[in-house]
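**Student:** Residue numbers (the working numbering): 345 to 600.
I'd like to ask you about the structure that follows.
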């Protein structure tokens with residue numbers, strides 16, 4: 345495991361600093377598991393609580409957008425800075441924050457996106473390795489990571505206490521694509537707290553995608569699904585979402 349420099353440390357004057365995630369370590373899936381992975385980097389970033397806790401603590405998983413597949417793994421840690429700052433500022437720690445990476449190509453050379461099977465391998469390993477509360481596993485992601493949140497949650501809803509897709513698409517082929525599993529995902533997510541976020545002026549992934557997914561969940565009987573659209577926001581509303589106290593208050597009060 346490689347410890348990165350303190351590039352990712354956020355300096356704040358809070359006495360709760362020691363209880364919060366700080367700079368990340370690189371962990372790797374076991375070789376036997378890595379062989380089964382389709383498109384995900386078998387290495388991933390883990391921001392651990394600074395102090396070991398005798399109790400199990402929550403886990404927040406962050407899925408990056410399409411551009412993250414070509415970036416160095418350590419650079420993805422910078423995308424988590426807003427989440428780390430929010431956890432500290434609004435005193436929601438201690439918790440683990442984990443940032444995986446989806447490569448742009450699968451092992452067979454095809455265009456890739458987030459695969460629920462890959463991500464389930466990751467979560468299985470995290471639950472084995474760290475003192476994580478399995479009833480407080482939270483999932484969020486941006487753009488393609490928002491799609492990954494819909495897909496993973498729709499595939500494996502019982503694994504999550506809450507899901508918060510941000511400007512997420514609803515199809516594996518990009519912003520214009522719609523999954524044929526939309527009704528299936530909606531039915532599976534009907535019992536999961538979901539909070540979707542979108543930008544009213546997003547020209548990359550229209551807010552209609554999030555609206556459609558939430559509408560399908562409600563149609564399936566889901567009463568825990570909600571959506572917030574920033575009327576003047578574009579594709580970068582992640583910054584507003586991850587800086588809002590509302591996001592953390594909603595997410596960290598959820599438990600299975």
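Every residue, glycine too, gets a C-beta built ideally from N, C-alpha and C.
Mapping DSSP to helix, strand and coil, what is residue 320?
**Tutor:** Since the first and last residues shown for the chain are 345 and 600, residue 320 lies out of range.
**Student:** Grab me the residues of residue 633's own chain with a C-beta within less than 8 Å of its C-beta, minus the 5 sequence neighbours each way, in chain order.
**Tutor:** What the structure shows of the chain is the stretch from 345 to 600, and residue 633 is not part of that stretch, so it cannot be assessed.
**Student:** Under the DSSP definition of a beta bridge, which residues are partnered with residue 368?
**Tutor:** One-based indexing of the chain shown puts residue 368 at position 24. Beta-bridge pairing links residue 368 to no other residue.
**Student:** Can you tell me where the beta strand (DSSP E) holding residue 484 begins and where it ends?
**Tutor:** For the purposes of this step, residue 484 is identified with residue 140 of the chain shown, where counting begins at 1. 476 to 486 is the span of the beta strand (DSSP E), which, as asked, contains residue 484.
**Student:** Nearest by alpha-carbon distance to residue 479: which of 402, 570, 540 and 380 is it?
**Tutor:** Residue numbering aside, residue 479 sits at position 135 when the chain shown is read from its first letter. 402 is the residue among 402, 570, 540 and 380 whose C-alpha sits nearest the C-alpha of residue 479.
**Student:** Quick check on the DSSP output: the beta strand (DSSP E) that includes residue 505 runs from which residue to which?
**Tutor:** For the purposes of this step, residue 505 is taken as the residue at position 161 of the chain shown. Segment: none, residue 505 is in no beta strand (DSSP E) and carries neither H nor E.
**Student:** Using beta-carbon positions only, say whether residue 371 and residue 485 come within less than 9 Å of one another.
**Tutor:** For the purposes of this step, residue 371 is taken as residue 27 along the chain shown, with counting starting at 1. For the purposes of this step, residue 485 is taken as residue 141 along the chain shown, with counting starting at 1. It is not a contact, given that the beta carbons lie outside the stated cut-off.
**Student:** Check residue 524 in the structure and name its three-state DSSP category.
**Tutor:** Here residue 524 refers to the residue found at position 180 when the chain shown is read from its first residue. Three-state result, residue 524: coil.
**Student:** Give the list of continuous beta strand (DSSP E) stretches no shorter than 3 residues that lie fully inside the stretch 376 to 461.
**Tutor:** 387 to 391, 401 to 407 and 440 to 443
**Student:** Would you mind giving the Cβ-Cβ distance between residue 628 and residue 462, rounded to the nearest angstrom? I have them listed as a contact below 8 Å.
**Tutor:** Residue 628 is absent from the structure shown; the chain starts at 345 and stops at 600.
**Student:** Mind checking residue 483: buried by the 16 CB within 10 Å criterion, or exposed?
**Tutor:** In the chain shown, residue 483 corresponds to position 139, counting from 1. Burial call: buried.
**Student:** With DSSP collapsed to three states, give me the class of residue 495.
**Tutor:** On the chain shown, residue 495 is found 151 positions in, with the first residue counted as 1. Residue 495 falls in the helix class under three-state DSSP.
**Student:** Within its chain, find whatever has a CB closer than 6 Å to the CB of residue 389; leave out the 5 residues flanking it on each side and keep chain order.
**Tutor:** On the chain shown, position 45 is the one that residue 389 refers to. Closer than 6 Å at Cβ, skipping near neighbours: 368, 421 and 443.
**Student:** DSSP three-state call for residue 347: helix, strand or coil?
**Tutor:** Taking the chain shown and counting its residues from 1, one reaches residue 347 at position 3. Confidence at residue 347 is low in this model, with a pLDDT of 39, below 50, so its placement is unreliable and the value that follows should be read with caution. In this structure, residue 347 counts as strand in the three-state DSSP scheme.
**Student:** In chain order, what residues of the same chain have a beta carbon less than 8 Å from the beta carbon of residue 597, not counting five sequence neighbours either side?
**Tutor:** Counting from 1 along the chain shown, the entry for residue 597 is found at position 253. Taken in chain order, the list of residues that qualify is empty.
**Student:** Which first and last residues belong to the alpha helix (DSSP H) in which residue 570 is found?
**Tutor:** Translated into the one-based positions of the chain shown, residue 570 becomes position 226. Careful: residue 570 lies outside any alpha helix (DSSP H), inside the beta strand (DSSP E) at 569 to 574.
**Student:** By DSSP, does residue 585 sit in helix, in strand, or in coil?
**Tutor:** In the chain shown, counting from the first residue as 1, residue 585 sits at position 241. The answer is helix: DSSP assigns residue 585 an H, G or I state.
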